[in-house]
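Read the structure below first, then the notes.
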Amino acid sequence: MSGSEVLRRAGARWDDGPGAGEWIAPLLGELGASVGDAVPLGYEAYAVVPLFPQGAEHDDEPVDGYVALARLLDALAPATGDQPVHCGLWEGFGFLFDHGADPRHAPGMGVGIGWDPAGPVPDAAEIARARAEGEEAMAARRLERPAAEPLDLPHRAYHLWTGPLRAALALRDLPGDAPSLIWPEDRSWFVGVPIYTREVAVGASGAVVDALLADRGLDARRAVPGDVLDIDD
1062 MSGSEVLRRA GARWDDGPGA GEWIAPLLGE LGASVGDAVP LGYEAYAVVP LFPQGAEHDD
1122 EPVDGYVALA RLLDALAPAT GDQPVHCGLW EGFGFLFDHG ADPRHAPGMG VGIGWDPAGP
1182 VPDAAEIARA RAEGEEAMAA RRLERPAAEP LDLPHRAYHL WTGPLRAALA LRDLPGDAPS
1242 LIWPEDRSWF VGVPIYTREV AVGASGAVVD ALLADRGLDA RRAVPGDVLD IDD
């Protein structure tokens, strides 16, 4: 699947390079589980927002973390207006494939064929047909990387795109997590979503954080940069 097409539908586009995010690295902690490792230092206030309902365990039925992220973005909309919003997706997700590569065979994902050992063994043609069908289905769930240079942050790199606020949800139907980095053009707030996290970190003005805390649907709590997030990494 063309990443450019997915983003275009959301009114967004891949960035031509890492320039929009180069301000982040000097203000970010080393790779770790704290709020200050997910969100740059220097904001007036910080908050943590759970991605999953309280009591949801790792082996429960999957819960769409995008639901909580969408509500958080709605709460940030008044402070954002119609300015461009930047997003950064971790480059290591297996559903991504290199620009120009064949998504059916590119590294990161694959197709295995199995059958009931108590039943008849399929012949080579049946196996080949099943594999081809599986590869086509898998390819439809993969995303082509942009050709542009990614943003390098401590020990990880991110593909950047820019669009309206809700474009942060553009990849919702794909297998990976949400973008790890979300911030508006004026940098008035910043949302950090570490990979494999169960919580989102937010840096913003005191007034914006107060508004998040007042939204009962977010279940947000006040935080400081040294607070540790719940990350299954």
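Per the numbering used here: the sequence shown ends with 1294, consecutive numbering throughout.
Built from N, CA and C at the ideal position, the CB exists for glycine as well.
query, result
"Distance check for E1260 and Y1127, CA to CA, integer angstroms please.", "12 Å"
"Using a 10 Å radius around the Cβ and a threshold of 16 neighbouring Cβ atoms, would you call V1182 buried or exposed?", "exposed"
"Give the secondary structure of D1213 by DSSP, where H, G and I count as helix, E and B as strand, and everything else as coil.", "strand"
"With DSSP as the reference, label A1224 as helix, strand or coil.", "Per the sequence shown, the amino acid found at residue 1224 is Gly instead of Ala. G1224 falls in the strand class under three-state DSSP."
"Alpha carbon to alpha carbon, what distance is there between A1268 and E1122?", "Here E1122 scores only 41 on pLDDT, less than 50, and its place in the model should not be relied on; the value that follows carries that caveat. Roughly 36 Å separates the two Cα atoms."
"Taking 7 Å as the cut-off, decide whether the C-beta atoms of W1075 and W1222 are in contact.", "yes"
"Buried or exposed: which applies to D1247, given that a residue is buried once 16 or more other Cβ atoms fall within 10 Å of its Cβ?", "exposed"
"Examine chain D for any beta-carbon lying closer than 7 Å to the beta-carbon of G1142, and answer yes or no.", "Among the protein chains of the structure shown there is no chain D, as only one such chain exists."
"Quick check on V1100: does DSSP put it in helix, strand or coil?", "coil"
"From R1190, F1158, V1285, pick the residue whose C-alpha is nearest to that of A1208; which is it?", "F1158"
"In the structure shown, what three-state DSSP assignment does R1190 receive?", "helix"
"Taking the C-alpha atoms as reference points, what is the distance between H1220 and H1160?", "12 Å"
"Let's see if you can read the secondary structure: which residues bound the alpha helix (DSSP H) around G1072?", "No alpha helix (DSSP H) contains G1072, which DSSP labels as neither H nor E."
"Use the C-beta contact count for G1155: other C-beta atoms within 10 angstroms, 16 or more gives buried, fewer gives exposed.", "exposed"
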